[in-house]
């Protein structure tokens, strides 16, 4: 089977809910990202065969946000685009689909990634199309119903994390310490400039000229164990899941440029990594946090690797309890995981995260000279995705 390579990997800074990117749609974030990627690689816009972007929160966002991002970025109208929704895995599933398209001969150059604006998600009222004859109607937050709510058990994702914490007997202190370490690693990475090569500055039109955002908004370097310990549980008064040991509510986008080996050589581009394998897996919806276990094992098996072969990993931190449970199940070297912090510190813009962890992994592999890496994340509804990358 033909080899498929990633030749460029970029992301926007990650914004807070109602933060710096509040005025931008997910498509606008994606467009600026695509523009920057084309500029860096000096790739002609008409060389792109397709754009595949994951987006979870599409309510009120207009038709096909991936197409919006592509045209806003200046790609020719002849370049097709597709929006993918696999909840938090959407931004990585887009890379799987890009690799499949290239291996099937349908394309030789694909932009794949994820974009989401949790700030832009609308509140909605169901059941009013035929009119309201009498009584009240409930306004629902589509950010929660479409992005953070289990459709099978009618519970928030945090409730599934509480269930894992109880099953694996993960204490509040363990979770808070994990969260603190995520913040510490992220702060060290920011201070050392380790994100500089992967982040594309985002321009925002302001009254007195453009405002340029170059750094993630979500990290909190002042985090302490004492401060985390004062936070109340969110989903169960007697529980352990808090805002401090959970990922954030965020806006952001990430994308990679995927190419066939022949096209890459023809254009004289250097690979960041070869896509060795990828996989999706399903688990019980209430066990959604364990999705990376099944997906990672499947991806490793397809690549012919063992967990001990990995020298760099990005495993999304939806919740500290969930991440700890995955680490226990896999038994891998935790010193190689999320070495620049994870979603608890950096933020979790849903579809953006699926690709963001791939982008961060690629740049970490280059920086450290790592040979084999894996990126994986859990998916609401009971799924996981994973990808193995080799340099």
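Residue numbers (the working numbering): 121 to 511. Even glycine gets a Cβ: it sits at the ideal position worked out from N, Cα and C. For clarity, every value in this text was computed on a predicted model and none was experimentally measured.
Ranked by how close their Cα comes to the Cα of residue 475, the residues 168, 311, 319 have 319 in first place. Per the coordinates, the alpha-carbon of residue 343 lies some 44 Å from the alpha-carbon of residue 221.
Exclusion of the five residues before and after residue 447 leaves 435, 454, 457 as the residues of its chain whose Cβ lies within less than 8 Å of its Cβ. Between the C-alpha atoms of residue 483 and residue 428 there is a straight-line separation of about 21 Å. Ranked by Cα distance from residue 302, the options 472, 283, 348, 263 are led by 348. Residue 235 sits away from residue 495, with the two beta carbons spaced by 9 Å or more. At a cut-off of 4 residues, the continuous stretches assigned as alpha helix (DSSP H) that sit fully inside the region 360–388 are 381–387.
Between residue 335 and the set 126, 122, 140, the nearest pair of CA atoms involves 140. In the structure shown, residue 395 adopts extended strand secondary structure according to DSSP, grouped into three states. In this chain, the alpha helix (DSSP H) harbouring residue 154 covers 146–161. Between residue 298 and residue 444, the CB-CB gap stays under 9 Å.
CA-CA distance, residue 254 to residue 248, rounds to 11 Å. Residue 276 is bridged by DSSP to 269.
By the C-beta density criterion, residue 228 is buried, having at least 16 other C-beta atoms within 10 angstroms.
Burial check for residue 328: the Cβ neighbour count within 10 Å stays below 16, so the residue is exposed. A distance below 9 Å separates the beta carbons of residue 144 and residue 371. In this structure, the beta-carbon distance from residue 506 to residue 418 falls below 9 Å.
Residue burial annotation: residue 258 is exposed, with fewer than 16 other C-beta atoms found within 10 angstroms of its C-beta. The beta carbon of residue 182 sits closer than 7 Å to those of 188, all from its chain and outside the five residues before and after it, given in chain order.
Residue 241 places its beta carbon 9 Å or farther from that of residue 214. Secondary structure at residue 250: coil, using DSSP grouped into helix, strand and coil.
Looking only at 306, 357, 397, the smallest Cα-Cα distance to residue 124 is reached by 397. Closest option to residue 324, judged by alpha-carbon separation, among 128, 133, 510: 133.
With respect to residue 510, residue 489 sits apart: the two C-beta atoms are not nearer than 9 Å. Beta-bridge analysis with DSSP links residue 187 to no other residue.
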